[in-house]
Amino acid sequence: MTAHLHALCFDANDPLRLARFWAGVLGWEVADEPDEGVALLPSDDTGFRLRFLPTRERKAGPNPMHFDLTSASLDDQRQTVETALGLGARHIDVGQRPEEGHVVLADPEGNEFCVIEPGNNFLAECGFVGALACDGSQEVGYFWSKALGWPLVWDQDEETAIRSPHGGPKITWGGPPLTPKTGKERPRFDLAPPADGDQRAEVDRLVSLGATRVGIGRNEDGSVAMADPDGNVFSVLTPR
237 MTAHLHALCF DANDPLRLAR FWAGVLGWEV ADEPDEGVAL LPSDDTGFRL
287 RFLPTRERKA GPNPMHFDLT SASLDDQRQT VETALGLGAR HIDVGQRPEE
337 GHVVLADPEG NEFCVIEPGN NFLAECGFVG ALACDGSQEV GYFWSKALGW
387 PLVWDQDEET AIRSPHGGPK ITWGGPPLTP KTGKERPRFD LAPPADGDQR
437 AEVDRLVSLG ATRVGIGRNE DGSVAMADPD GNVFSVLTPR
């Protein structure tokens with residue numbers, strides 16, 4: 237058994253506001269979380285929740301991962317963009333070319349995401365949340381495939397992608413060059429140990445795959461901070 241991707245966790249200056257924004261965009265349900273946090277529970281096959289935890293730190297630099305939202309038609313794409321803008325999103329320029337069909341937006345705290353044009357073959361089998369697109373090496377794609385037990389669905393030119401056997405969005409890594417890190421990862425993974433395992437055994441397994449522990453001991457909530465082979469921080473939660 238492998239770890240389960242429990243959540244994509246965002247540090248937020250206003251967790252409730254950010255949760256309400258994404259609930260409005262995705263149509264997911266808002267739920268309370270421990271430590272004054274807020275969670276969104278998926279209403280589709282995404283397979284993991286979103287967690288928003290309070291922080292006083294402001295976002296610095298581009299996030300290492302962002303959502304790619306799909307569209308069934310140009311009208312559908314426009315509607316998604318209009319909905320997001322009405323909830324507090326804004327257009328941003330990340331170097332996209334005019335001929336590219338996707339729309340790049342940022343949520344109310346500056347977290348980037350894309351609304352993909354219709355007819356994207358790579359995301360054709362995925363739902364509204366088509367992909368979680370990450371900055372990362374081929375090695376880190378291999379690591380997460382083994383860590384989560386998700387098969388590789390793309391592995392070409394140092395670009396990799398994995399997808400749960402149960403469906404849901406793809407997680408992709410774009411290969412080199414990697415963007416320099418600008419501080420603590422604002423979105424990051426929370427892993428839950430397998431139902432028949434324990435936290436220590438899961439941490440040891442992840443280390444054997446190439447992860448490292450960050451610091452010593454446990455966090456205040458009992459989780460263990462770790463980093464993948466590219467240095468991206470994630471947490472292994474206590475058994476639930």
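Note that this note's numbering has the sequence shown beginning at 237, numbered continuously upward. Using N, Cα and C, we set each Cβ at its ideal position, and we do this for glycine too. If you're wondering where the values come from, they're calculated on a predicted model, not measured in any experiment.
**OP:** Would you list the one or two residues that DSSP bridges to R285?
**Re:** In DSSP, R285 forms a bridge with A243.
**OP:** Would you decide whether H240 is buried or exposed? Buried here means 16 or more other CB atoms lie within 10 Å of its CB.
**Re:** Answer is buried; the Cβ neighbour count reaches 16.
Original post:
Are the beta-carbon atoms belonging to T438 and V472 less than 8 angstroms from one another?
Top reply: Per the sequence presented here, residue 438 reads as Glu, with Thr not at that position. Cβ atoms of E438 and V472: closer than 8 angstroms.
**OP:** May I have the straight-line CA-CA distance separating A461 from F246, to the nearest angstrom?
**Re:** 15 angstroms
Original post:
Roughly how many angstroms separate the alpha carbons of P465 and L427, rounded to a whole number?
Top reply: 16 angstroms
Subject >> Euclidean distance between Cα positions of D268 and T291 >> reply: So the two alpha carbons sit approximately 17 angstroms from each other.
Original post:
Short check: CB of P405 to CB of T316, under 8 angstroms?
Top reply: no
**OP:** Within the same chain, show all residues whose beta-carbon is closer than 7 angstroms to that of S459, passing over the 5 residues directly before and after it, in chain order.
**Re:** S471, V472, L473, T474
Original post:
Per DSSP, H327 forms a beta bridge with which residues?
Top reply: L341
Original post:
Can you name, in chain order, every residue of its own chain whose Cβ lies under 6 angstroms from the Cβ of I328, other than the five neighbours on each side?
Top reply: V340, A342
Original post:
Taking F425 as the reference, which of A463, Q374, E456 has the closest Cα?
Top reply: A463
Original post:
From which residue to which residue does the alpha helix (DSSP H) around L262 run?
Top reply: Run containing L262: 251–262, per the alpha helix (DSSP H) assignment.
Original post:
Anyone know if the C-beta pair for P300 and D393 falls short of 8 angstroms?
Top reply: In this structure, P300 keeps its C-beta atom at 8 angstroms or more from the C-beta atom of D393.
Subject >> Member of R449, A325, T448, Q374 whose CA lies at the smallest distance from the CA of V261 >> reply: A325
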